[in-house]
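**Q** One structure, as structure tokens, below. Some questions next.
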Amino acid sequence: MEVVKEMTANKVVAKEKKEVKKILVICARGTLEDVYAALIMANGALAEGKEAKMFFTFFGLDAITKKKADHLHTATVGNPAFMRGLPTMIGGLPGFEALASSMMKKEMDKLDIPPVTEFFEMIEAGGGEIYACKLAADMFHLKKEDFIPEVNDIITVGQMYELAEGEGTHMVFI
Amino acid sequence: MDTLTINKSAIKVNEEGYFTDPSQWNEDIAVEMAKQQNIDLSEKHFEVLHFLRNKYAEEVPLTIRKVGKSGIVDIKEFYKLFPGGPLKISSKIAGIPKPVSCV
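Now the structure itself:
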């Protein structure tokens, strides 16, 4: 086991380096950029030989909803990082959000980033697991058949924590 | 820089064990490399390894998705052939540098 030295305020402490063995990504947002962040992190973990599980809640449910998964948009309003210098009003013009989203998708395609539903297929093929939040599904009146086939189950928050059980698990909230 | 001795040939590798000179690779060396990962190479494995080497030679950045679309294996099979990080492990056995893609 590798040992790493960590500097604290006034002393050097030797610590055992512990591997990340599993990640649990919780996605509560439905914008293109947030969903991709979740997908890339989960898929990246699988590619590194780690376990990956995903839990979608609130607007994150859009990512696993058949009708919406491949039609997510990037936030052009209320997103100060998007096209700095552009007045927020422009971001709200009819069609602007769709245009920005389609441009974003084109750029991502160039980098071999697949559409959302294909990304889920990749994650399932790599042994990843995908779950929907029960409370949010009830709130939005969504049932198992509304979700993409890769969704393993609709679960409670307690069951979500069970997914995280084990040594070396890290949780990421998006 | 390290040196790995396989079948009496000295292979130049980086600190993570990836070939630094892909021309040093051959199929016998791949068999020995795979053994270290507890993988017995089948014909299918070799098809994947050659695909990776060809793409590397063509300077095409490799991703798991590309291997899945190669017509040789799908992504599920790729994970099964090289368990524990398929693209990393297969690239190592194929004698090419570690892939740098995030997808």
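Protein chains in written order, with the working numbering: chain A, 1 to 174; chain B, 1 to 103.
Don't be surprised by glycine CBs; every beta carbon is placed ideally from N, CA and C.
Strictly by DSSP, which residues pair up with B:SER9?
**A** Paired residues: B:ILE6.
**Q** Ends of the beta strand (DSSP E) at A:ALA52?
**A** It spans 51–56 - the beta strand (DSSP E) in which A:ALA52 sits, taken as one unbroken run.
**Q** Taking any Cβ of chain A, which residues in the region 74–85 of chain B have a Cβ under 9 Å from it, in chain order?
**A** From the region 74–85 of chain B, only ASP74, ILE75, LYS76, GLU77, PHE78, TYR79, PRO83, GLY84, GLY85 have a Cβ closer than 9 Å to chain A.
**Q** Considering Cα atoms alone, identify which of B:PRO99, B:PHE82, B:LYS92 is closest to B:SER42.
**A** Considering only alpha carbons, the answer is B:PHE82.
**Q** Tell me where the alpha helix (DSSP H) around A:GLY132 begins and ends.
**A** The question names Gly, but residue 132 of chain A in the sequence shown is Ala. Counting along the chain, A:ALA132 falls outside any alpha helix (DSSP H), though it belongs to the beta strand (DSSP E) covering 129–133.
**Q** With DSSP as the reference, please indicate the residues paired to A:ALA14 in a beta bridge.
**A** A:ALA14 is bridged to A:LYS5.
**Q** At which residues does the alpha helix (DSSP H) containing A:THR156 begin and terminate?
**A** Per DSSP, A:THR156 belongs to no alpha helix (DSSP H) and is neither H nor E.
**Q** Kindly identify the DSSP beta-bridge partner or partners of A:MET171.
**A** Answer by DSSP bridge pairing, in chain order: A:LEU24.
**Q** Which residues in the same chain as A:GLU152 place their Cβ atom closer than 7 Å to its Cβ, once the five residues preceding and following it in sequence are excluded?
**A** The question names Glu, but residue 152 of chain A is Asn in the sequence shown. Taken in chain order, the residues that qualify are GLU129, ILE130, TYR131.
**Q** Following the continuous alpha helix (DSSP H) through B:LYS76, name the residue where it begins and the one where it ends.
**A** Here the alpha helix (DSSP H) through B:LYS76 covers 75–81.
**Q** Using three-state DSSP, classify A:PHE147 as helix, strand or coil.
**A** Here A:PHE147 sits in strand by DSSP.
**Q** Please list, in chain order, the chain B residues whose beta carbon lies closer than 8 Å to that of A:MET122.
**A** Those are ILE64, ARG65, GLY68, ILE75, listed as they occur along chain B.
**Q** Is the shortest distance between the beta-carbon of A:ALA69 and the beta-carbons of chain B less than 9 Å?
**A** Chain B contact via Cβ: absent.
**Q** So that I know if they touch, is there some Cβ in chain B lying closer than 9 Å to that of A:PRO87?
**A** So no, A:PRO87 is outside the interface.
**Q** Nearest chain B C-beta to A:GLU48 closer than 9 Å, yes or no?
**A** Output row for A:GLU48: interface = yes.
**Q** So the alpha helix (DSSP H) A:TYR36 belongs to, where does it begin and stop?
**A** Unbroken alpha helix (DSSP H) run through A:TYR36: 32–47.
**Q** Just reading off the alpha helix (DSSP H) that A:GLU97 is part of, what are its end residues?
**A** Run containing A:GLU97: 96–110, per the alpha helix (DSSP H) assignment.
**Q** Could you pull out every residue in the same chain whose Cβ sits closer than 7 Å to the Cβ of A:PRO94, ignoring the five residues on either side in sequence?
**A** Answer for A:PRO94: no residue qualifies.
**Q** Using Cβ-Cβ distances below 7 Å, what residues of the region 37–67 of chain B are close to chain D?
**A** Absent from the structure: chain D. Protein chains present are A and B.
**Q** Please classify A:THR65: does DSSP put it in a helix, a strand, or coil?
**A** DSSP places A:THR65 in strand when its eight states are reduced to three.
**Q** Closest Cβ-Cβ distance between B:VAL103 and chain A: below 9 Å?
**A** Cβ-Cβ to chain A under 9 Å: yes for B:VAL103.
**Q** So with Cβ pairs under 9 Å, would you call A:ALA63 a contact of chain B?
**A** It does not; no Cβ of chain B falls within 9 Å.
**Q** Are the Cβ atoms of A:LEU39 and A:ALA63 separated by less than 9 Å?
**A** Yes. Within cutoff.
**Q** Would you give the residue range spanned by the alpha helix (DSSP H) that B:GLY68 belongs to?
**A** Looking at the DSSP string, the run of the alpha helix (DSSP H) that includes B:GLY68 is 64–68.
**Q** Buried or exposed: which applies to A:TYR161, given that a residue is buried once 16 or more other Cβ atoms fall within 10 Å of its Cβ?
**A** Exposed, by the Cβ-count rule.
**Q** Give a yes or no on whether 9 Å exceeds the smallest Cβ distance from A:ASP34 to chain B.
**A** For A:ASP34, the answer is no, since every Cβ of chain B falls outside 9 Å of its Cβ.
**Q** For B:PHE19, does the three-state DSSP call read helix, strand or coil?
**A** Residue state, collapsed to three classes: strand.
**Q** Closer than 7 Å by beta-carbon distance: list the chain A residues that pair up with B:GLY87, in chain order.
**A** According to the sequence provided, residue 87 of chain B is Leu. The question's Gly does not apply to it. Correct list: ALA47.
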